Amino acid sequence: MNILITGGSSGLGNAMVKTFLEQGNHQLYFTYRNSKQQAEEMVAGNPNCQAIKCDFNEQSDIDALIEQLKTWDLDVLINNAYGRINKTHFHKKRMEEFASSFQTNILPLIAITQAAVLTFKKKKSGKIINILSSAIINTPPVGWSTYVAEKNYVLGLSKAWATEYAKFNISSNCISPSMMRTPLTADVDERILGGIIAAHPRKELLTVTEVAKCVADLSNATNHINGINMVINAGQNIA
């Protein structure tokens, strides 16, 4: 399969690239923003893997990515990229901060997905997989209002895509993992992490490799699996 992973050079994105490469039968494309050296190391020795610099703050980068995407005969789009989380209490955030975050994290996702859907419609086949967070299911961390709101926005879009494009054999699904150790959560206080682990049914944090394997499974699943949000949190949201 021809697969595009946005935000593929670190954390969960890195784990997904490695997981698909281990399967050995895919052409992989992944984007990175600042981690050029890491991206080059991932590509080295892997002729079926290509890294594309794409800063979601730069419209020219997004436009260039979309032009390349049109030539890839894409089968799977994995929307994973997300910028820095603004961990500020809701009442302290300026309106400009909400607008800026939406501009950086949501509008590029929409543009890239639109381009992918055009390819999928021509092929009458395709998969969209959106990486969300179990924070939209469980109690959100304090100060994460923008992040949680935007992930819920993508969940709504994903359901709409599932409905609109099912007749073209295009599926749209989400995966919502619980807390993992990634660059996105690197500044979470160890005491908070300790409390999360203590309250966890398995007494351990989810790993990026575990989630990457779930993404790989979903990418190979029948397109009758459509419109779901796969929550990976050891059943913490079961009432």
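Heads up: the sequence shown begins at 1 in the working numbering, then just goes up one per residue.
Backbone N, C-alpha and C define an ideal beta-carbon position, used for all residues, glycine too.
Because the structure is a prediction, the values reported are computed rather than measured.
- Here DSSP, grouped into helix, strand and coil, assigns residue 165 to helix.
- Annotation for residue 209: the continuous alpha helix (DSSP H) segment containing it runs 208-219.
- Cβ contact annotation for residue 105 (same chain, cutoff 6 Å, sequence separation greater than five): 82, 83, 150, in chain order.
- Scanning its chain for C-beta atoms nearer than 6 Å, with the 5 sequence neighbours on each side dropped, one finds around residue 172 the residues 128, 158, 161, 162, in chain order.
- The residue among 17, 206, 77 with its C-alpha nearest the C-alpha of residue 119 is 77.
- Comparing alpha-carbon positions, the option among 141, 115, 139, 133 lying closest to residue 152 turns out to be 133.
- Pairing residue 123 with residue 11, the inter-Cα distance amounts to about 31 Å.
- Restricting attention to alpha helix (DSSP H) runs no shorter than 4 residues, the region 1-73 encloses them at 11-23, 36-43, 59-69, ordered along the chain.
- When the Cα atoms are used, residue 24 and residue 88 turn out to be separated by approximately 42 Å.
- Secondary structure of residue 235 (DSSP, three-state): coil.
- For residue 108, the enclosing alpha helix (DSSP H) begins and ends at 107-123.
- About 7 Å separates the beta carbon of residue 116 from that of residue 69, a gap short enough to meet the 8 Å contact definition.
- Taking the C-beta atoms as reference points, residue 182 is found no nearer than 7 Å to residue 80.
- Less than 7 Å separates the beta-carbon of residue 177 from that of residue 232.
- Taken atom to atom, the span from the alpha-carbon of residue 237 to that of residue 164 is near 29 Å.
- Membership of residue 76 in the beta strand (DSSP E) is indicated by the continuous run 76-79.
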